[in-house]
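Asker:
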Amino acid sequence: MNNLYIELTYTQVAFAALLIIINGIISLLLRLDLERRLLIASIRSIVQLLLVGLVLHWVFTLNKWYIVILLMFLMAIIAGIAAVNRTERRYPGIWFSSIVSVWSSSWIITAIALFGIVNVEPWYKPQYAIPLLGMILGNSLTGISLGLNRFSEELYTNRNRVEAFLTLGATKWEAARIPVQNAIRTGMIPIINVMMVVGIVSLPGMMTGQLLAGVQPVEAVKYQIIILFLLASGTALGTLSSILLGYRFLFNEHHQFLYWKITDRQ
């Protein structure tokens, strides 16, 4: 297979960026009022990606373990904060639940990948460690965000049912079990949907990137299979952890539902 990599010019990148005009036209025609948000999102995407490119170039050049660890730590913290920013209802402890869950689940799964599956030498090799963590963080973030949002919404809207269970002598777990199950299920649905159609409806980003870089298709497929299961595991662990921590914050040891702690984002 020809390993020719086509280097893109900034003109080609700018032309691709102009395709966002299609979104703007749709918004204008249907009066969706998304023009300003599309503009801001486009500018942020470009600026953020350019900054990331510069930072990664610096990190790859230095190739120091403590720099890689610091960057990975910052990525996890930002992901934990971003997950809460997408929720509509909040409660004391939700930030802690999100950050701890994102950080622990993504680092555990990334460590398994680096030490037990890919066997990277040295383990902090930035072109492996950072992309792997980034992909796991992105999916964990989505799962945790959806799970937390569903969990708080279910408890808020079904407060009477939860308290009825408690009044009838149910334990706090028995009263919260259905909202917990629904929240975890919601958080895991996106990655399950991706796994159901991968290779048939779409080619995942990592596999596509390797193919464009000239990697043999079978080798790209093997990497993508590994990534999919890493993403699924990270999402499951992160979602489970965040919901169970939220459950601990909203129910006390006397089996009381602390419903007044749940508030609107505003």
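In the working numbering, the protein residues as written are -9 to 256.
The beta-carbon is built from N, C-alpha and C at its ideal position, and this holds for glycine as well.
#1: Taking the alpha helix (DSSP H) that ASN258 belongs to, which residues open and close that run?
#2: Inspect the beta-carbon positions of ILE84 and VAL74 and report whether they are closer than 9 Å.
#3: To the nearest angstrom, report how far apart GLY14 and ILE33 are at their CA atoms.
#4: With distance defined between alpha-carbon atoms, name the residue in MET197, GLY124, ILE174, ARG26 nearest to MET65.
#5: Identify whether ILE253 lies in helix, strand or coil by the three-state DSSP scheme.
#6: Under the DSSP definition of a beta bridge, which residues are partnered with SER192?
#7: Bridge partners of ILE79, per DSSP?
#8: Under the DSSP definition of a beta bridge, which residues are partnered with PHE86?
#9: If you measure between the beta carbons of PHE247 and ARG149, is that distance less than 9 Å?
#10: Could you check if GLN214 is buried or exposed, using at least 16 other CB atoms within 10 Å of its CB as the buried criterion?
#11: In terms of DSSP beta bridges, what is PHE105 paired with?
Answerer: Concretely, from the data shown:
#1: Past the boundaries of the shown model lies residue 258; the chain is included only from -9 to 256, so the question cannot be answered.
#2: As a position in the sequence shown, residue 84 is number 94, starting the count at 1. As a position in the sequence shown, residue 74 is number 84, starting the count at 1. In contact: ILE84 and VAL74 (Cβ atoms closer than 9 Å).
#3: To locate residue 14, count along the sequence shown from 1; it is residue 24. To locate residue 33, count along the sequence shown from 1; it is residue 43. The straight-line gap from Cα to Cα measures roughly 14 Å.
#4: Residue 65 sits at position 75 when you count from the first residue of the sequence shown. Nearest of MET197, GLY124, ILE174, ARG26 to MET65, Cα basis: GLY124.
#5: Reading the sequence shown from its first residue, position 263 is the one you call residue 253. Note that residue 253 is Thr in the sequence shown here, rather than Ile. If DSSP states are grouped into helix, strand and coil, THR253 belongs with the strands.
#6: For the purposes of this step, residue 192 is taken as residue 202 along the sequence shown, with counting starting at 1. In the DSSP output, where bridge partners are listed per residue, SER192 has VAL188.
#7: If you number the sequence shown from 1, residue 79 lands on position 89. It should be pointed out that residue 79 corresponds to Arg in this sequence rather than to Ile. Per DSSP, ASP254.
#8: As a working note, residue 86 is residue 96 in the sequence shown. Note: PHE86 sits in no beta bridge, so no partner.
#9: Against the sequence shown, residue 247 aligns to sequence position 257. Against the sequence shown, residue 149 aligns to sequence position 159. Yes; because the gap between Cβ atoms is below 9 Å, this pair is in contact.
#10: Residue mapping note: residue 214 aligns to position 224 of the sequence shown, counting from 1. With 16 or more Cβ atoms within 10 Å of its Cβ, GLN214 is classed as buried.
#11: Within the sequence shown, residue 105 is the residue found at index 115, counting from 1. DSSP lists no partner for PHE105.
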